[in-house]
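*Asks:* Pasting a structure here, questions to come.
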Amino acid sequence: MFFKTIRLVFFVLLFFANATAQNQELGKVSMAELESKVHPNDTTAVAAILFNKAKTVFVYDIRNGFSVVHEFQIRIKIYKKEGLSWANFTVPYYVGYENDKKDVVEFSNGMTYNLENKTVVKTKLTNEGTFKQNVNKYWNEATIVLPNVKVGSVIEFKYTLKSANITKFPVFNVQYDIPVDYFEYNSKTPEFFIYKPILKGFVAVKNEMKLENGSQNYEDKFNATVNMYYKQINSMFTAENVPALIGENYVDNIKNYRSYINYELERTRFPEEPVKDYSITWEGVAKTIYKEDDFGKELNEHAYLEQDVRAILKDATTPEEKMDIIFKFVQNKMNWNNDYGFYTDKGVKKAYLDRTGNVAEINFILIAMLKLAGIKANPVLTCTVDRGIPTYPNRTIFNYVIAAVQIDDKQILLDATNKFTSPNILPLPVLNWTGRLIEQDGNSAEINLYPSLPSRKNYSLLLNIDANGKMAGKIRIQRKDYDALRFREENARMNKDNYLEKIENDWNGVDISDYSIENTATDFSKPVTETFTFSTEKHSDIINGKMYINPMLFFTTTVNPFVQEKRVMPIYFQYPKLEKFSINFEIPEGFAIESMPKGIKIVTPDSVASFSLDTLLVGNKIQIQVSMELNKAIVSADYYDALKDFFQKIIEKEKEQIVLKKR
Amino acid sequence: MKIKSLFLVLTICISIAVQAQKSEYNAQSISDSLKENANAVVRLNQIDILIASQRSMTIKTKRVITVLNEKGLRAIDAIEWYNKSTTVRSIEAIVYDGLGNEIKKIKRKDFKDQSAVSGSTLFSENRYVFLDYTPIVYPFTLIYESEVQTSTTAFIPEWKPLTDYFLSVEKSILNVNCPSNLGFKKKEANFSDFKIVKSTDTPTQLSYTATHILAQKREEYSPDFDVIFPVVTMGLEYFNLEGVDGNAKTWKEYGQWFSEKILSGTDDLSAETKTKIRTLVGNETDPIKKARIVYHYVQEKTRYIFIHVGIGGWKPMPASDVDRLGYGDCKALSNYTKALLEAVDVPAYYTELYGDEDKMDIKSDFVSIQGNHVILCVPNKDKYLFLECTSQDIPFGYQANFTDDRNVIVMKPDGGEIIRTKIYDDTDNTKSSKGSYTVAPDGTLSGTVTMVSEGTRYGRKYYLEKMQPTDQEKHYKEYWDNINNLKIDKLAFVNDKEAIRFTENVAISAVNYGTIANNKMMVPVNAFTQYTGSVKRIRNRKTPFEIARGSADSDEIKVVLPAGFSVEFLPANFESKTKFGSYTTEIIKKDDNNLIYKRTLFVKSGLYANKDYDEYRLFMEQVNRNDNAKIILTKN
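Keeping their order, the protein sequence lines are chains B and E.
Numbering (the numbering used here) for the first sequence: 3 to 665.
Numbering (the numbering used here) for the second sequence: 241 to 876.
Set out below in structure tokens:
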């Protein structure tokens, strides 16, 4: 029976392969390793991890039960001076448990190898190069500084991380900023614990698993030695010649593309105890989370809110109205303390009283109030952009929670932690692939967090040009949705004078006056609008009696955002965007048009991006209409060449000038 | 009975006091002039410094801040540092809303406690407690009080009535009490234009009150904050540094104390190491040549790390340890290099200074422990050479952009001496470009250019060699952002560390460089050195502006125009001379298709008056405009 369960998991993970058993042991540095001058596969590498071998074993004692020991053995070759920083190594470890024993980190076998006059010189890492310190109430740090390291050195060390945390293992990175020649991770997990190994990234990792016998000796309460026998899963992951992870522009989070292995506890099965489900399915995840006091219980607290809900909804009738009122009420009343998480910390009641709280506290208050008003509302677990992406059912990846409201067939996402959001407009760091809506009964659904409609930005300009090429005019800029959110957030942080100086500067030296702004804080569902007048002498050239004008003025695209020749990672634009420009020139007295750019439409395959420019001459007025749309928040690297080409063509088009000649 | 009435009186007093406080710090009572440009208002910042003895100082702070908006939060500055010699005796805060009603009391246990380790600091004995407050309403007023006790009297905090931009001050008070026998001294700077009253100034007491300071705006190219706004620097002749007593009236005495009490005993080297370095130097007799050999040895052998232990991080790790371990911080590496130099009979002196892109001086008229960095001074006949010992890459004696042109304190054998470091003359900071480009009939540009950078310009370039190829490509695409479709065809560097000269040889191409419309082609003539930036317009500039380092560019580029086109228009030659520098462009027409483009741009360093700023901006605007001048060609 028990064996069956293991079998099942076993099959899911079966990638048989013959990992060539490499003989890489600490203390046995080869001459070839010391003599090598550049990395054979990557001549630009400043250093390389020659091997990174990790393993996890379980230990048992009568008082604390099972705990884990993770052991890491690492050998690094330093190729260039810029690689010297790899000779300092820091391991943060958690000490903030409420009940469990603090994690412990121990370094050992630290050694530096140098080749001096063809002989190997070893320098040992001693206590003077080993440091431990308390960073804050949650974290400690252990650091080693290897001695006598220079270009050409080979260094190696070992460390163990002992932890009572068996629900989540540390992340085992397969890929680093430098090449990894050999990676290995071996875990021996007793049959009582079933883990889901999550493998991420583009690197080919081999996996071999077998079921074998395991045992533990421990002392019982009478100090007698007891032998415990059980089955265990021995799982081995290996990878060879892993290339360095290199960053690119327009990437949401490079971590999402790094290769790593992460273990998460799915269930425990102890003899004579019921099976405890931790995750495995989204249903399991949902149920587990709801069972936690800091989630389910806190989410269902509502007595403290009843009076306030009644008072604010006095005159409200429709569910939409009620939702709006409650959202604005919570958004105004509550203040986010910048702490993340989907569990409450001090509790919703205290948070409500203090008017400050973490993400869970604020959005649980929101959900509870919505429910009191008879509106269907559920939590949606999400990860912020800097956290990563949830790809497999698991719970420890999440670090944030928002609310999803269902009114008729419409689903509306809400987050009350930010002062400038509105229904269906989430803070930018929350816009990250998908979230997981979970209900108390275990139902769950994937929710797309990226907006489907583009955020609009409209520029309209009306300008006069005099015979000397000096321009003066009026401009109106409207921003909606995410563009409005971004602007409002920045505007709240920025001084007005500095802001104007920044525009004057960005727009290549225009002079701005009569600046006014509407709706920065009144109604977030409406656009924020800026209007001002401007003048400039810098956006036209008079050459040989002819006047040359850039039709897009200071909005001319001059730099292609994509410069690299190749691309691996998806291209990230945050959210879909639609920018429109309407520019109207009045031709100066005594001038007539000689030429102006012809209209154009540029569209990438699958309409990922599109651009159009139209010009029109009516009497002595020139009208330019430009529209530029990026249709997706994130697109695959397959579109890279097309997008690069798209911007290239825009730049070329916008370079074409309006030429006026003397009449 | 008697007790009872007393109690009553007391209660009344307390409630009156509370009432008084409530109205006093009401946000509405702030005058409009103080709200202008302010994100926060300092209602009161009272610092009481009590120096009880050479080994005991207590600093009490009471700060009342009204925060007007989110941007003003940093003005609260509720943070105290501590270590073995410093303890935070008390720290607390109370928050009031805009009307003066109490919202929250924050006790010591609600402050967060954090290690000072971060970034390049791998280990530190220093820690800090700080307040992480989430405001629930703006404006609000926070009263912060703390008391810190320390045995280190070598550093008396500077008094700055104004601490930041966009911050106004109702009242700022400093009181200092000090026994007469410790030689208390002070230095005032930048007091004019500010309302500061000095109520007491005796050998044992000092008191200032500053009132009504308006919020200031930050302006580009401003000199350092401390150079424009009031600051009082204080110190003792008899002080204590992390358990070590010291006394110094002059820099000479300071140097003697430092060498004797801090440095002594840290420069031993094993006989083996001494022999090794002597062998390496061999028969060389010239001290500078010897120093160069030793410097390169250190660069190959060591790496920089920062570990903050020992006498508050003031005493270098012993030279023998650096020799054994191969790493250290600026103190350790400088001291190690000094020990090696002494082993080969080259004198070298430990030197303290401020390492910063801004040229920050050790205040030469105020003897005290100053600086944030250590380098090495090597006498070179009647001059001095300075060695930065923390970098594995920079050339021997190179100082630009971090330790150049500033007063430093050099620990000579007979005591300390203030010496000015190397000045990089404007005319020596050169970048000269020589090359050629061809424009094809379809507008495609192809060309090669050799750019040579020297002086301070070397420091802005040499790292290119170390960059990953993708980053190099990115660098050039940003550097030549005036060339769309840029392709780097060839890239080669020569880093001459001896002459301190960095050469870039680049071959590039770009389609559609010349834009064609209606049988005409426009070609921006200056392809390789276009200044595309601009100097920001600032309305009513108040502060002077500074060009810290000058530079001299020169270009000579051959231009080959496409066959089948004739020149319709050539930009005119241009010349501009201002007090900030000069700019010239010249086009020499060799024949129908061959031109030579020449350009020079010289920018002069200096401190200029606020009213000169607009002229400077216009000068750079001329450069921008003329750098973008275009040739117009007509198809034959």
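C-beta atoms are modelled at their ideal positions from N, C-alpha and C, and glycine is treated no differently.
DSSP puts H304/B in a beta bridge; with which residues?
*Replies:* Here residue 304/B refers to the residue found at position 302 when the first sequence is read from its first residue. BP columns for H304/B are empty, so no partner.
*Asks:* Rounded to the nearest angstrom, what separates V472/E and V650/E at their Cα positions?
*Replies:* The count along the second sequence starts at 1 and reaches residue 472/E at position 232. The count along the second sequence starts at 1 and reaches residue 650/E at position 410. Rounded to the nearest angstrom, the two C-alpha atoms are 24 Å apart.
*Asks:* Using a Cβ cut-off of 7 Å, pull out every chain E residue sitting near L499/B, in sequence order please.
*Replies:* Taking the first sequence and counting its residues from 1, one reaches residue 499/B at position 497. Reading off the sequence shown, one finds Asp at residue 499/B, where the question assumed Leu. Those are K457, listed as they occur along chain E.
*Asks:* What number of angstroms, rounded off, separates the C-alpha of E657/E from the C-alpha of A356/E?
*Replies:* Translated into the one-based positions of the second sequence, residue 657/E becomes position 417. Translated into the one-based positions of the second sequence, residue 356/E becomes position 116. Roughly 33 Å between the two C-alpha positions.
*Asks:* Kindly indicate which three-state DSSP category R518/E falls into: helix, strand or coil?
*Replies:* Your numbering for residue 518/E matches position 278 in the second sequence. Of the three classes helix, strand and coil, the one that applies to R518/E here is helix, per DSSP.
*Asks:* Please report how far the alpha carbon of R490/B lies from the alpha carbon of I479/B, in whole angstroms.
*Replies:* Position 488 of the first sequence, counting from 1, holds the residue named residue 490/B. Position 477 of the first sequence, counting from 1, holds the residue named residue 479/B. Approximately 13 Å, taken between the alpha carbons.
*Asks:* Using a Cβ-Cβ distance under 8 Å, would S629/B count as near chain E?
*Replies:* Along the first sequence, one-based indexing puts residue 629/B at 627. So, not an interface residue.
*Asks:* Given this structure, state the Cα-to-Cα distance separating F380/E from L284/E, to the nearest angstrom.
*Replies:* Within the second sequence, the letter at position 140 stands for residue 380/E. Within the second sequence, the letter at position 44 stands for residue 284/E. Cα-Cα distance, rounded: 14 Å.
*Asks:* Taking only beta carbons into account, state which residues of the region 131-144 of chain B come closer than 8 Å to chain E, listed in chain order.
*Replies:* G131, F133, Q135, N136, V137, N138, K139, E143
*Asks:* Quick check: is the beta carbon of V307/E nearer than 8 Å to any beta carbon in chain B?
*Replies:* Within the second sequence, the letter at position 67 stands for residue 307/E. Closer than 8 Å: no.
*Asks:* Taking the straight line between their C-alpha atoms, what separation do you get for I872/E and S693/E?
*Replies:* Here residue 872/E refers to the residue found at position 632 when the second sequence is read from its first residue. Here residue 693/E refers to the residue found at position 453 when the second sequence is read from its first residue. Rounded to whole angstroms, I872/E to S693/E spans 32 Å at the Cα level.
*Asks:* Looking at the C-beta of V538/E, does it have a partner C-beta in chain B at a distance below 8 Å?
*Replies:* Taking the first residue of the second sequence as position 1, residue 538/E is located at position 298. Taking Cβ atoms only, chain B never reaches closer than 8 Å to V538/E, which makes this a no.
*Asks:* Which of the three DSSP states, helix, strand or coil, is assigned to A267/E?
*Replies:* The count along the second sequence starts at 1 and reaches residue 267/E at position 27. A267/E: helix per DSSP, three-state reduction.
*Asks:* Identify each residue in the region 380-403 of chain E for which the Cβ-Cβ distance to at least one residue of chain B is less than 7 Å, and report them in chain order.
*Replies:* Hits within the stretch: zero.
*Asks:* Distance cutoff 8 Å, beta carbons only. Does R495/B sit that close to anything in chain E?
*Replies:* Along the first sequence, one-based indexing puts residue 495/B at 493. Among the CB atoms of chain E, one or more fall inside 8 Å of the CB of R495/B.
*Asks:* Going by beta-carbon coordinates alone, are V156/B and K79/B separated by less than 8 Å?
*Replies:* Counted from its first residue, the first sequence places residue 156/B at position 154. Counted from its first residue, the first sequence places residue 79/B at position 77. Yes, Cβ-Cβ distance for V156/B and K79/B is below 8 Å.
*Asks:* What's the gap between the Cα of P590/B and the Cα of I544/B?
*Replies:* For the purposes of this step, residue 590/B is taken as residue 588 along the first sequence, with counting starting at 1. For the purposes of this step, residue 544/B is taken as residue 542 along the first sequence, with counting starting at 1. Rounded to the nearest angstrom, the two C-alpha atoms are 13 Å apart.
*Asks:* For Q309/B, does the count of other Cβ atoms within 10 angstroms reach 16, so buried, or fall short, so exposed?
*Replies:* Here the question's residue 309/B lines up with position 307 in the first sequence. Classification for Q309/B: exposed.
*Asks:* Flag this pair as yes or no: are the beta carbons of P558/E and D596/E separated by less than 8 Å?
*Replies:* Stepping through the second sequence from its first residue, residue 558/E is reached at position 318. Stepping through the second sequence from its first residue, residue 596/E is reached at position 356. In this structure, D596/E does not lie closer than 8 Å to P558/E by Cβ.
*Asks:* If you compare alpha carbons, which of K435/E, M297/E, L407/E, I545/E is closest to N90/B?
*Replies:* In the first sequence, counting from the first residue as 1, residue 90/B sits at position 88. When each option's Cα is compared against that of N90/B, the closest is I545/E.
*Asks:* Ordered along the chain, which non-local residues of its own chain (more than five positions away) have a Cβ less than 8 Å from that of T643/E?
*Replies:* Taking the first residue of the second sequence as 1, we reach residue 643/E at position 403. Result list for T643/E: L593, G595, H613, I615, F626, E628, T661, in chain order.
*Asks:* Rounded to whole angstroms, how far is the Cβ of K427/E from the Cβ of K603/E, which I believe are closer than 8 Å?
*Replies:* Indexing the second sequence from 1 puts residue 427/E at position 187. Indexing the second sequence from 1 puts residue 603/E at position 363. Rounded, the Cβ-Cβ distance is 7 Å, consistent with contact.
*Asks:* Does D516/B pass the burial test, meaning 16 or more other C-beta atoms within 10 Å, or should it be called exposed?
*Replies:* Here residue 516/B corresponds to residue number 514 of the first sequence, with the count starting at 1. D516/B should be labelled exposed.
*Asks:* Is DSSP giving G675/E helix, strand or coil here?
*Replies:* Within the second sequence, the letter at position 435 stands for residue 675/E. Looking at G675/E - three-state DSSP - the assignment turns out to be strand.
*Asks:* Within 8 Å of any Cβ in chain B, is that where the Cβ of T939/E sits?
*Replies:* Since the displayed chain E opens at 241 and closes at 876, residue 939/E lies outside it and no answer follows.
*Asks:* With a threshold of 8 Å between beta-carbons, can A89/B be considered close to chain E, or not?
*Replies:* For the purposes of this step, residue 89/B is taken as residue 87 along the first sequence, with counting starting at 1. Cβ-Cβ to chain E under 8 Å: yes for A89/B.
*Asks:* Name, please, each residue of chain B whose Cβ falls closer than 9 Å to the Cβ of D721/E.
*Replies:* For the purposes of this step, residue 721/E is taken as residue 481 along the second sequence, with counting starting at 1. Simply T560, V561.
*Asks:* Return the bridge partner residues of S462/B from the DSSP annotation.
*Replies:* Indexing the first sequence from 1 puts residue 462/B at position 460. In DSSP, S462/B forms a bridge with R478/B, S584/B.
*Asks:* L858/E: buried (16+ other C-beta within 10 angstroms of its C-beta) or exposed?
*Replies:* By 1-based counting over the second sequence, the position of residue 858/E is 618. Classification for L858/E: exposed.
*Asks:* Below 7 Å CB to CB, which residues in the same chain sit around T560/B once its five sequence neighbours on both sides are set aside?
*Replies:* Counting from 1 along the first sequence, the entry for residue 560/B is found at position 558. Only I653 meet the Cβ criterion.
*Asks:* Less than 7 Å between C-beta atoms, sequence neighbours within five positions excluded: which residues of the same chain meet that for P149/B?
*Replies:* By one-based count along the first sequence, residue 149/B stands at place 147. Excluding residues within five positions, the ones whose Cβ falls inside 7 Å are T114, T125, L127, G131.
*Asks:* Quick test of your reading: Y716/E and F742/E, contact by CB under 8 Å. State the CB separation rounded to the nearest angstrom.
*Replies:* On the second sequence, residue 716/E is found 476 positions in, with the first residue counted as 1. On the second sequence, residue 742/E is found 502 positions in, with the first residue counted as 1. In fact, because the Cβ distance is near 15 Å, the residues do not count as touching under 8 Å.
*Asks:* Kindly indicate if chain E contains any beta-carbon less than 8 Å away from that of Q650/B.
*Replies:* As a working mapping, residue 650/B is identified with position 648 in the first sequence. Interface residue, yes.
*Asks:* Find the nearest neighbour of V661/B within the set T538/B, T606/B, A594/B, A635/B, judged by alpha-carbon distance.
*Replies:* Position 659 of the first sequence, counted from the start, is the residue given in the question as residue 661/B. Closest option to V661/B, Cα to Cα, is A594/B.
*Asks:* When you compare the CB of V107/B with every CB in chain E, is at least one pair closer than 8 Å?
*Replies:* Locating residue 107/B in the first sequence gives position 105, counting from the first residue. No - not a single Cβ of chain E is within 8 Å of the one on V107/B.
*Asks:* Measuring straight from C-alpha to C-alpha, what distance separates V437/E and T449/E?
*Replies:* Translated into positions along the second sequence, residue 437/E becomes position 197. Translated into positions along the second sequence, residue 449/E becomes position 209. Straight-line Cα distance between these residues: approximately 5 Å.
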